[in-house]
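Using the numbering used here, the letters of the sequence shown correspond one by one to residues 14 to 211.
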Amino acid sequence: MIALYRTGTGPLHRLAAGPKLLLFAVIALTLSLLAPTLWMLGAALALVVAVYAVAGLGARELGRQLWTSRWLIVIMLVPQLIVLPPVVAVANTGRVVAIILLAAAVTLTTRVPAVIEATERGLGWTRRFGGNPALVGLVLALTITTIPVIAGFATVIREAQAARGARMRLTTFVVPLLVMSLRHADDLGDALAARGVE
14 MIALYRTGTG
24 PLHRLAAGPK
34 LLLFAVIALT
44 LSLLAPTLWM
54 LGAALALVVA
64 VYAVAGLGAR
74 ELGRQLWTSR
84 WLIVIMLVPQ
94 LIVLPPVVAV
104 ANTGRVVAII
114 LLAAAVTLTT
124 RVPAVIEATE
134 RGLGWTRRFG
144 GNPALVGLVL
154 ALTITTIPVI
164 AGFATVIREA
174 QAARGARMRL
184 TTFVVPLLVM
194 SLRHADDLGD
204 ALAARGVE
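So this is what it looks like as C-alpha cells:
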C-alpha cells in the first residue's frame, strides 16, 4: 500500500517535499469532506489516474498499488454494504482507497528523509507550545517504514497457509497478522527505549 521511493524525473519527483505534502493534505481533506456520491468517486479516481500519469509511475504501478490494497478494500467495503446504501458504501471505500493511492504516489516520488525533514520544518512552530517536531518526524518515519514490514508479514502468512493447503479465512489470517504486528511493535519499542527515546 504505502510504497517506498522510486527514482524518476517527473514533475512530482522534482516538486519539493513540503509543498507536495501540503498539497496531499489539502486533497485528502477535501476528499474526506465531500458527500459520498458516484460523482465524487469518479472525480477521485480520475485524480488518482492523473497523478500517476503526471508522476510517470504509469498504469502498471497504479495496478500494483491497487492489488496490494485489495484486502483493505474488502475489509472496508463489506461491513459498509451491510449497513449503508451500496452507492454510499462504494463511494466511502473509494474515497479512502483514493487517499491511500495518492499517499503511495507521494512516497513513491519522495525520499523518506525529505518527508521527515519537511514535516519537522513545517511543525517547527509547535516548539513554542511544548511540541516536539523531531519526535513527530520519528513517528512518521517509523510509520512509513513499518507499513511494508506488515505487508511482508501478510505475504508470509498467506504463503504459509498455501503451503499447508489451508483455505484462506479472515480469522486464520487476521490473528497471526495481529500477533506478528504486535511482536514487531514490541521489539521496536524496546529498541527505541534502549536508545533513550520515550
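Where a beta carbon is used, it is the ideal one built from N, C-alpha and C, also for glycine. Treat the numbers as computed from the prediction; the structure is a model and nothing was measured.
When we look at the beta-carbon of residue i and count the other beta-carbons within 10 Å, is it buried (16 or more) or exposed?
| i | result |
| --- | --- |
| G165 | exposed |
| S82 | buried |
| G107 | buried |
| A173 | exposed |
| L121 | buried |
| I95 | exposed |
| I113 | buried |
| L75 | buried |
Going by alpha carbons, who is nearest to residue i out of the options?
| i | options | result |
| --- | --- | --- |
| V188 | G178, D200, W52 and R171 | R171 |
| G55 | P92, V110 and R27 | V110 |
| L60 | I40, S45 and E74 | I40 |
| G71 | M53, T184 and R19 | R19 |
| T156 | F186, H197 and V192 | H197 |
| R27 | P161, A127 and L42 | A127 |
To the nearest angstrom, how far is it from the Cα of residue i to the Cα of residue j?
| i | j | result |
| --- | --- | --- |
| A30 | I129 | 9 Å |
| L90 | P49 | 13 Å |
| V152 | T132 | 11 Å |
| P98 | W84 | 21 Å |
| V169 | V192 | 13 Å |
| D200 | R141 | 33 Å |
| A63 | G69 | 10 Å |
| A154 | L47 | 29 Å |
| V149 | A207 | 19 Å |
| Q78 | Y65 | 11 Å |
| A175 | G21 | 36 Å |
| M14 | T185 | Summary for M14: the model assigns pLDDT 44, below 50, so the residue's position carries little reliability; its value from the coordinates is reported in the next sentence. Taking the straight line joining both Cα atoms gives about 21 Å. |
| R134 | P146 | 8 Å |
| A179 | L35 | 45 Å |
Starting from the C-beta of residue i, find all residues in its chain whose C-beta is less than 7 Å away, skip the five residues before and the five after it, and write them out in chain order.
| i | result |
| --- | --- |
| A57 | L44, G107, R108 and A111 |
| G144 | L136 |
| A167 | L190 |
| F194 | The question names Phe, but residue 194 is Ser in the sequence shown. Excluding positions up to five away in sequence, the list reads I163 and F166. |
| A104 | P49, T50, L51, M53 and L54 |
| A204 | none |
| V67 | G23, P24 and L25 |
| T123 | Y18, A30 and K33 |
| Q93 | A102, N105 and T106 |
| T139 | P146 |
| I86 | T106 and V110 |
Using a Cβ-Cβ cut-off of 8 Å (strictly less than) and excluding sequence neighbours within five positions of residue i, which residues of its own chain qualify?
| i | result |
| --- | --- |
| F37 | L115, A116 and V119 |
| V100 | P49, T50 and L51 |
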